[in-house]
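Okay, so here's the structure we're looking at.
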Amino acid sequence: MATPDPKKSIMAPIFLEGQNLGKYRILEPLGRGGMAQVYKAYHPQLDRYVAIKVLRSDLVEEVEFLARFRREARAVAALRHPHIVQIYDFDVQGDLYYMVMELLEGDTLKAYLNSLRARGERLPLGETARVFNDVLDGLSYAHGEGIIHRDLKPANIMLTRRGQAVLTDFGIAQIVGGTQYTVSGALMGTLSYMAPEQGLDGHCDARSDIYSLGIAYYEALTGTVPFDADTPLAILMKHINDALPLPRMLDPHIPEPFERVALKALAKRPEDRFQSALEMAEALKTAAFDSGIQIPETISLPRANGNSSTRPEVVAVFSGSARQHIPDAGFAAGDTDITTSRNNGQSQKETSDFLGKARTFFKPPPSLVEVHPQNTGRAVLTSIAGIILANLLMLWVSGIFGWAVFGHIWPMELVLVGILLTSIMESQPNPWLIIPGGIVLGNGFLFSYFALSGLWHNWTYLWPLEPLLLAGSIIAPFLLKRGGIAGLWLTRRVGNFLLVLSGLVFIFSLGIGILFR
């Protein structure tokens, strides 16, 4: 069987939709993480929908990889526990190494924490205890079977709408070769949850999983991870050397017994931590009892992107033909796009839904890894062709309806130049092009108002818009640049928005210019 080319080091996505991978028909992509791409697939003989995780080829080692993949995947597939995602199958096709698992619907813990952080809220303490008790239950079982997770983090904890926390990606870190993938920076974010001994020399045992889960627990309590920095090495050195910021210093409302659990789980030396997942679970139950916190029987959290007063619909892990009715296949993504219920009789609710969708449009996905440049040459040629066609259209309209039309729509020339600049900004993406693009487009919109209305005297009190336009166009790229990958993603979304807005303004101005010629 073929082994991966060791020279393959690119991160290009794999496109498998519509193809067969072993016994499974690939239907659609569900998500892309640091180590794999995930697809929804169908097994016709079993009439079952599944999630298939295809490991990234640039993380695959050549030496003895196939033997390790089979050994570790077999061990993980043998795990049977309600709080561990079920692995159905694993195989190799060409140089594609993949695992087949049950298809879950719900949100990741990461999605919930991000949603709460955006609203300035925290995960309720009772729900926190329930989530981590579920996770520790599954972790205790896996450790008893000799399996270490090695990559525990909120993105690998699914909260199903049956009310359970389910661990995913068990053993994947070991399958792709231990922890060395973090050195290259492929999974820089994972270092925020990595135990000191694991990042320092690759040594990992059950207590390393306890530390990683302790970081996730700390984040649930405080809304932030304890150690963060600009580079992977700096994060690792903080885990090794820096004192743990006390949770109650960040939020005095955290009960002291809950803080004690975090302090012990995050001890620098493994021997000072909880020595088992069961021990940590018992400590967490005791902390809840001492704090007078009731631990619910099941997780009862609102939607990650919905109203906090709304309990989510009851949706379970489906099997057989019932999988055809899954309304949302957001498995393994940082967030899932859950359809919001509508009330056609309430205009206020419709407005709220519209604003919610607008916020979602400009909200970077938590699973974002990188932003690839697109074909800039094609964007330039398309924009130039659009400028030529738009000018021909304006000349044609002016010739038919009278040249007074052009006196109303001449600012569209500025808008067309702005469209060219915005197209380049969106394709690269390059936030610095917002400076010329924003200024040209803004003036095109402003002059369109004056030319169409004829109210040029309004400039006497509208002139402050000009310095505001200049300031906004200059400040925006600095803010986007500071956002890193998320800033580049947002730059592209801003470009998309401006292109659509420019097209609508052009059509509107052309129509108004004809009417008021």
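Residue 517 is where the sequence shown ends in the numbering used here, and the numbering goes up by one at each step. Every residue, glycine too, gets a C-beta built ideally from N, C-alpha and C. Here the structure is a predicted model, which means the values were calculated and not measured.
Residue i - containing alpha helix (DSSP H), residue span
i: Gly-483; result: Segment: none, Gly-483 is in no alpha helix (DSSP H) and carries neither H nor E.
i: Phe-258; result: 256-265
i: Ile-388; result: 376-401
i: Tyr-141; result: 125-144
i: Phe-274; result: Segment: none, Phe-274 is in no alpha helix (DSSP H) and carries neither H nor E.
i: Pro-232; result: 232-241
i: Pro-247; result: 247-250
For residue i, the nearest candidate out of the options (CA to CA)
i: Gly-437; options: Tyr-449, Arg-80, Leu-421 and Val-225; result: Leu-421
i: Thr-108; options: Val-131, Glu-121 and Asp-89; result: Val-131
i: Asn-443; options: Pro-431, Trp-410 and Met-425; result: Trp-410
i: Gly-199; options: Ser-448, Phe-445 and Ile-235; result: Ile-235
i: Ala-142; options: Ala-75, Tyr-39 and Leu-104; result: Ala-75
i: Leu-191; options: Phe-170, Ala-165, Pro-226 and Arg-207; result: Pro-226
i: Leu-167; options: Leu-139, Tyr-193 and Ala-77; result: Leu-139
i: Ile-475; options: Ile-434, Pro-124, Asp-251 and Tyr-211; result: Ile-434
i: Val-380; options: Trp-463, Arg-122 and Leu-416; result: Leu-416
i: Glu-256; options: Ile-293, Ser-208 and Arg-207; result: Ile-293
i: Gly-386; options: Pro-373, Leu-499 and Glu-17; result: Leu-499
i: Gly-223; options: Leu-152, Gln-275 and Arg-119; result: Arg-119
i: Ser-300; options: Pro-124, Arg-70 and Phe-506; result: Pro-124
i: Gly-146; options: Arg-71, Asp-91 and Thr-491; result: Arg-71
i: Lys-110; options: Pro-232, Ala-206, Ile-215 and Thr-491; result: Ile-215
i: Asp-242; options: Phe-450, Pro-196, Phe-401 and Thr-231; result: Pro-196
i: Lys-238; options: Ala-265, Asp-209 and Met-194; result: Met-194
i: Glu-279; options: Val-440, Met-249, Ala-206 and Phe-506; result: Ala-206
i: Gln-374; options: Pro-296, Pro-270, Arg-492 and Ala-390; result: Arg-492
i: Glu-466; options: Asp-290, Leu-152, Val-440 and Leu-504; result: Val-440
Run of the beta strand (DSSP E) containing residue i, from where it starts to where it stops
i: Ile-435; result: Taken as a continuous stretch (DSSP letters only), Ile-435 belongs to no beta strand (DSSP E), being part of the alpha helix (DSSP H) at 434-453.
i: Arg-48; result: 48-55
i: Gly-31; result: 24-32
i: Thr-108; result: 106-108
i: His-43; result: 36-43
i: Asp-100; result: The amino acid occupying residue 100 in the given sequence is Val; Asp does not appear at that position. Here the beta strand (DSSP E) through Val-100 covers 96-102.
i: Ala-165; result: 164-167
i: Val-405; result: Premise fails: Val-405 lies in the alpha helix (DSSP H), 404-409, not in any beta strand (DSSP E).
i: Thr-160; result: 157-160
i: Tyr-88; result: 87-93
Three-state secondary structure assigned by DSSP to residue i
i: Met-188; result: Here the model assigns Met-188 a pLDDT of 35, short of 50, so the residue's position is not dependable and the matter cannot be decided.
i: Thr-298; result: coil
i: Leu-501; result: helix
i: Gln-198; result: helix
i: Val-225; result: coil
i: Leu-510; result: helix
i: Leu-21; result: strand
i: Ile-84; result: strand
i: His-372; result: coil
i: Arg-150; result: coil
i: Asn-430; result: coil
Nonlocal neighbours in the same chain, by C-beta distance under 6 Å from residue i, ignoring five residues either side
i: Gly-106; result: Met-158, Leu-159, Thr-160 and Arg-161
i: Thr-382; result: none
i: Pro-247; result: Leu-221, Thr-222, Ile-254, Glu-259 and Ala-262
i: Asn-156; result: Thr-168 and Asp-169
i: Gly-495; result: Thr-422, Met-425 and Glu-426
7 Å Cβ cutoff met for residue i and residue j
i: Met-101; j: Ala-51; result: yes
i: Gln-93; j: Leu-21; result: yes
i: Ala-77; j: Ile-87; result: yes
i: Thr-286; j: Ala-220; result: no
i: Leu-213; j: Pro-154; result: no
i: Gln-519; j: Asp-137; result: For the chain, the structure presents residues 1 to 517; residue 519 sits outside this window and is missing.
i: Ser-502; j: Met-412; result: no
i: Val-54; j: Leu-96; result: yes
Same chain, Cβ closer than 8 Å to residue i, five either side skipped, listed in chain order
i: Thr-376; result: Ile-424, Ser-427 and Gln-428
i: Gly-178; result: Annotation note: pLDDT 44 at Gly-178 (below 50); position unreliable, coordinate value reported separately. Arg-150, Gly-202 and Cys-204, listed in sequence order.
i: Gly-487; result: Pro-431, Leu-479, Leu-480 and Lys-481
Own chain partners of residue i with C-beta closer than 7 Å, once the 5 adjacent residues on each side are dropped
i: Phe-497; result: none
i: Ala-267; result: Arg-273
i: Gly-513; result: Val-405, His-408, Ile-409 and Leu-452
i: Gly-185; result: Interpretation of Gly-185 is limited by its pLDDT of 37, a score under 50 that renders its predicted location unreliable; the figure taken from the coordinates is listed afterwards. Excluding positions up to five away in sequence, the list reads Pro-232.
Residue i at chain D interface by Cβ criterion, 7 Å
i: Ile-26; result: No chain D is present in this structure, which holds just one protein chain.
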